[in-house]
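For reference, each letter of the sequence shown is one residue, going 1 to 873 in the UniProt record's numbering. What follows is one structure encoded as structure tokens, with my remarks underneath.
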Amino acid sequence: MDMRYLRYVLPGERYYEPPKIRAEDSTLCVSTIPEGWRTQSDDHWVYYVKPNSTLPIQGWKIHISSTAKEAQSTLDIVSSFLFKESIPFKHVSNIRELVFKNSKYGDRGSSGKFITVYPLNNKNFEYLMKQLHELLSGKPNGPYILSDKRWFDGNVYFRYGAFGEMYVSEGAAKIPAIKTPTGEYVPDSREAYYVVPHFVKEPDFIQEMTEIQESKMVTPSELNNYEMDSALHFSNGGGVYLAYLKETGEQFVLKEGRPGAGLDGQSKDAVERLNHEASILKRLKGLNHVVQYRDLFQAWEHTFLVEEYISGTPLNTWLAAYYPFSNNEDYSDYSPRLINILKQIIQALEEIHSRGVGMGDLQPANVMVTASDEVKLIDFESASDISDDKHPGLMTPGYTGSIDLNRKQADWFALSRIARQVFVPIGPVYDMAEDVLNKHDEWIIRTFGQEALDIIKGIESKCEELEATPIESVLSAPSQFLKKEDLPQIIENLRKGIVADLRDGQRLLPGDIRQFESPNGLLNVLTGGFGAVMALSRTGQLPPKAEEWVETYSSETYFKDLDYGLFTGKAGIAGVLYETGRIDKAKKIYDSIPEQLDMNDISLMSGLSGIGLGLLSASTLPELDYLLDKALSIADQLELLLEQDVPVRPSDMDAIPIGLLDGWSGVSLFFSALYRVTGDNHWFNLSNRSIAKDMDQCVLEDSGLYQVKDNSRFVPYLYGGSAGIGLAMIVLRQLQETKLWEKELRGIGHLTKSKCFYSPGLFRGLTGLIEFANAIDSELNIMGDTHVEKAIETINLFLLESDGKYYLPGDYNYRISGDVFSGSSGMLLVLNAIKSSRYFSWMPIPEINKLFPVSLKGGESHETSTFSATNGI
């Protein structure tokens, strides 16, 4: 999962909200800023610089690590010294941010970095290192900074890197860079290990220090008795390794604990938790369903817990492998296997509770399932006495109940959530609305039968007996089981929910965390206000608050820093402005897009194919036909990138470099549209070549399913999956007037009838599959039991309600979302288009049906004639 989401999950809130500084979070600040110094801050850092000071663009920079307890006193010491020496620096703004970056699932490359110091030159670097080491010599060690080398054994670290913002582009990604002596920009490595650039030599004093330190580390430890085989998992607290005992060849699991790192909610570090886990496992020794303790030792500064190796897979991985997602699969043996596994977990809980211990963090990743379906529980870091009602520090969202549960109550409640998740493997929507489980019950009986529901109800009655209560709901679920004939009601109520929650200020409607994690996420079409405006304007009259918002935030003041992207920037916003009657503003934006763009981002999301498609569509509008030349120029650039086979690298850290939004299928869609407009076969041929590159990443399974194969997972979604590729295939197939790719399209169609999807959103969930279901029903002229009917029924697993208004959970289902990317705006656009059997309604392109006319049910022919941008279409 994407751990960034947890920062935006605040108690009692319905939407993902930015973290709020609480009194106990303690702002970190310097007591006195000398006259003449400038300061500025962002969500994470506070910067200090003396005007007119000159810094190199890169060099050796210093990082100071600290524990949370010592952070303010460390800052007092360091800032006072640096002000005196006129050295610029920055520091983490508050204790909450410091704890989060040092937490178990914080970024390993930035963990430990509390203060960053920018030396003026190499001589100054040496002086500062030695002085800071001396000043902080009495402080306890903070977390080890993995990306750096440590100066002797204190809290001063260093690495070579950029001082300012320099980037190198690769696809849509902007990668921090440094400059070589020849003037070339190369990536500035920020991995979780120390790297010296090939053109840089460590200063002599560093090499001397390294020799001294290495001579101290030759002392053998118990770690030398093991041969590391592979890394099973990494977190900020340390690695988990499969290892062999050299003497016997026996396999064991070694869990590593880094001091000061991997902090939990109680500020315990990984070492403290490993020591605690060892004591718990000793109490549970001999139990059949519990991993067995072997040893605990220290090697260098790290602690290692040695446990028995269990040959099996975590329950969440087992679920991904064996859950019968497709209705084509035979799943007659799934329920019996799962019921057997759940009964063993019940037995396991009863065993550990009989020893007076409660796990505290029971969740699928902590349940190992062997090849013979035997169950063993692992990971007892959060375990405690069974009656302990203190927060365990580490808990997994979706498996936690009320905050005041003791360990026994928490374990049974977690098991009740596991029992539901293995039959309905979606995100924890029930944490927002407990009564949605009534819908899930109906769905479980329909899909798996009464026996499956009975074991769930048995566990839940145990929870009731123990008073193991859920988190208080912030929403409810519609009482009605919704079907395709209820589309008008769903559309009306989704729209009501959006209108009711429109806000003042730049954040018109709350959405995905990318509103804050991505540049201009509050404005753009993907997650921002212009996406919500598009959804509202296409489904009815634009509310006054939205009209006012557009007027305010369509000025140059807010556009000057936007990129040109279709979903991320200006090209898409121009389309929305045109549709809402602001034609002059739209024209000004279209005109501002250069004919030659200095990028190798091919994507529909933020790159050339999306910008080209936006310009091409605009060229079909009155008095904008001249924009066709810009679209053709972009097409020429894309053709060159296709010939060069440029690597595809999305800007989003969580994206897959395949498919409609980030891959070559988006390029294919643009070339297809260009062929329709110009009638030039050259673009038609390039469209075929482009889509073939993505189809090479897909697999047609024996079951008939057609999916993207990305590393070890299959992806069906609009974003990075086969549904998006399928839409581009349908467009190209219509241009050819053939039945090409019949098996592949039907294979994606089968996916839309899958039992469920983890999230309900447009780009990475159910709504995107509804979009494809609508398209495939129309393309294959399917009547009766349509794909779209089944896909719409799946909405019942997710849809939430408040006073007759409907809401949609965002990605991961921890909170609701209103945006196009993951929330209500995206679903509203897709469902509204089903009435006319149209698709691509979620694209910010005016009159898109001119580019992609589709067939209607009832046997009408495809519109396949070509036309130009000047013939009044």
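No residue lacks a Cβ here, since even glycine has one placed at the ideal position from N, Cα and C.
Among the options, nearest to residue i - alpha-carbon criterion
i, options, result
"GLU789", "PHE798, ALA773, ILE77, GLY804", "ALA773"
"MET209", "ARG96, GLY154, CYS756", "GLY154"
"PRO324", "LYS753, ILE845, ASP777, LEU808", "LYS753"
"PHE199", "ASP388, PHE530, GLY59", "GLY59"
"ASN438", "VAL820, LEU799, TRP37", "LEU799"
"THR39", "SER79, SER65, ILE64, LYS282", "SER79"
"GLU467", "GLY529, TYR719, VAL525, ASP404", "ASP404"
"ASP411", "PRO428, ASP388, ALA433", "ASP388"
"ASP76", "ASP435, ALA723, LYS139, ASP43", "LYS139"
Backbone CA spacing between residue i and residue j [nearest angstrom]
i, j, result
"PRO470", "TYR430", "9 Å"
"GLY859", "LYS739", "Model confidence at GLY859 stands at a pLDDT of 36, short of 50, so the residue's coordinates are unreliable; what they give is reported in the following sentence. Those two C-alpha atoms are separated by around 15 Å."
"GLU863", "PRO853", "Confidence at GLU863 is low in this model, with a pLDDT of 36, below 50, so the placement of that residue is unreliable and no value is reported for it."
"GLU307", "GLU639", "55 Å"
"ALA574", "THR580", "10 Å"
"LEU305", "GLU13", "39 Å"
"VAL9", "THR678", "49 Å"
"ASN685", "ASP710", "27 Å"
"TYR167", "LEU705", "41 Å"
"ASP702", "LYS743", "11 Å"
"MET695", "ALA243", "39 Å"
"TYR331", "GLU595", "55 Å"
"SER86", "ASN52", "11 Å"
"PRO11", "LYS101", "20 Å"
"SER855", "GLU779", "Interpretation of SER855 is limited by its pLDDT of 48, a score under 50 that renders its predicted location unreliable; the figure taken from the coordinates is listed afterwards. Cα to Cα, the separation comes out at about 6 Å."
"LYS484", "PRO425", "23 Å"
"CYS477", "SER230", "What sits at residue 477 in the sequence shown is Ala, not Cys. Looking at the two C-alpha atoms, the distance is approximately 45 Å."
"ALA673", "SER633", "15 Å"
"GLY804", "TYR399", "28 Å"
"LYS255", "ASN406", "27 Å"
"TYR118", "LYS50", "12 Å"
"LEU732", "TYR717", "19 Å"
"CYS29", "GLN72", "7 Å"
"THR317", "SER372", "15 Å"
"GLN213", "PHE152", "7 Å"
"ASN366", "MET395", "12 Å"
"GLY666", "PRO18", "32 Å"
Cβ pair residue i, residue j closer than 9 Å
i, j, result
"ASP645", "ALA655", "no"
"ARG417", "HIS440", "no"
"MET599", "LEU566", "no"
"PHE114", "ILE33", "no"
"GLY497", "SER802", "yes"
"GLY749", "ASP512", "no"
"ARG676", "LEU642", "no"
"PRO197", "TYR160", "yes"
"VAL253", "LEU377", "no"
"LEU287", "ALA348", "yes"
"ILE490", "ILE795", "yes"
"SER687", "LEU660", "no"
"GLN251", "TYR322", "no"
Supposed contact pair residue j and residue i - C-beta distance, whole angstroms, cut 8 Å
i, j, result
"ASP264", "GLY112", "With a Cβ gap of about 16 Å, ASP264 and GLY112 do not count as contacting."
"LEU597", "LEU616", "Contact doesn't hold; Cβ gap of about 14 Å is too wide."
"LEU745", "GLY726", "6 Å"
"ALA546", "GLY818", "Actually they do not touch by this definition, with Cβ atoms about 12 Å apart."
"GLY257", "LEU274", "4 Å"
"LEU55", "PRO88", "6 Å"
"VAL648", "ILE602", "6 Å"
"LEU828", "LEU621", "Between LEU621 and LEU828 the Cβ distance is about 24 Å, and since that is not below 8 Å, they are no contact."
"GLY572", "GLY614", "7 Å"
DSSP bridge partner residues for residue i (one or two, in chain order)
i, result
"MET368", "PRO314, LYS376"
"PHE297", "PHE304"
"MET228", "ALA243"
"CYS698", "VAL708"
"ARG150", "TYR157"
"ASN94", "THR27"
"PRO187", "ALA177"
"ILE33", "Per DSSP, none; premise fails for ILE33."
"THR794", "None; THR794 has no bridge partner."
"GLN40", "TYR47"
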